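The numbers in numbering that gives the first Met the number 0 rise by one with no breaks, and the one at position 36 of the sequence shown is 35.
Every residue, glycine too, gets a C-beta built ideally from N, C-alpha and C.
Since the model is a prediction, treat every value here as computed from it, not as a measurement.
I have placed the structure first, in the form of structure tokens, so that the comments after it can refer back to it.
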Amino acid sequence: MNKQAEVTTEEKELVFQRSMIYRQAEKDLQGAKDGEGEASAKAAHKEARQKWRDATDRVAKKYEVPRCEPP
0 MNKQAEVTTE
10 EKELVFQRSM
20 IYRQAEKDLQ
30 GAKDGEGEAS
40 AKAAHKEARQ
50 KWRDATDRVA
60 KKYEVPRCEP
70 P
């Protein structure tokens, strides 16, 4: 049997930190009013989302997920 790769503490912490930053960016975006604050909130939200996705993708690459073909 193939041994599943272990997620390290550093990887867990990275994903957690990025998810917290992303959540805060979502709150900031929702609270932003039309005007100069909205554009910067959108940019911060987009950047935080991309960093969170990169962190989760890095961890997900360690695992082989079998694809199931639809019936």
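Taking the straight line between their C-alpha atoms, what separation do you get for residue i and residue j?
i	j	result
Ala24	Glu12	18 Å
Lys50	Ala42	12 Å
Gln29	Ala38	12 Å
Arg57	Ser18	14 Å
Glu9	His44	23 Å
Lys60	Gln16	19 Å
Glu46	Gly36	16 Å
Arg52	Val14	9 Å
Spatial neighbours of residue i within its chain, please: CB distance less than 8 Å, with the 5 preceding and 5 following residues excluded, ordered by chain position.
i	result
Arg48	Tyr21, Ala24
Met27	Looking at the sequence itself, residue 27 is Asp, so the reference to Met does not match. Taken in chain order, the residues that qualify are Ala40, Ala43, His44.
Val6	Val58, Lys61
Could you give the residue range of the alpha helix (DSSP H) that holds residue i?
i	result
Ala24	8-30
Around the Cβ of residue i, are there at least 16 other Cβ atoms within 10 angstroms (buried) or fewer (exposed)?
i	result
Ala54	buried
Using a Cβ-Cβ cutoff of less than 7 Å, which residues in the same chain neighbour residue i once the five nearest sequence positions on both sides are dropped?
i	result
Ala31	Glu37, Ala40
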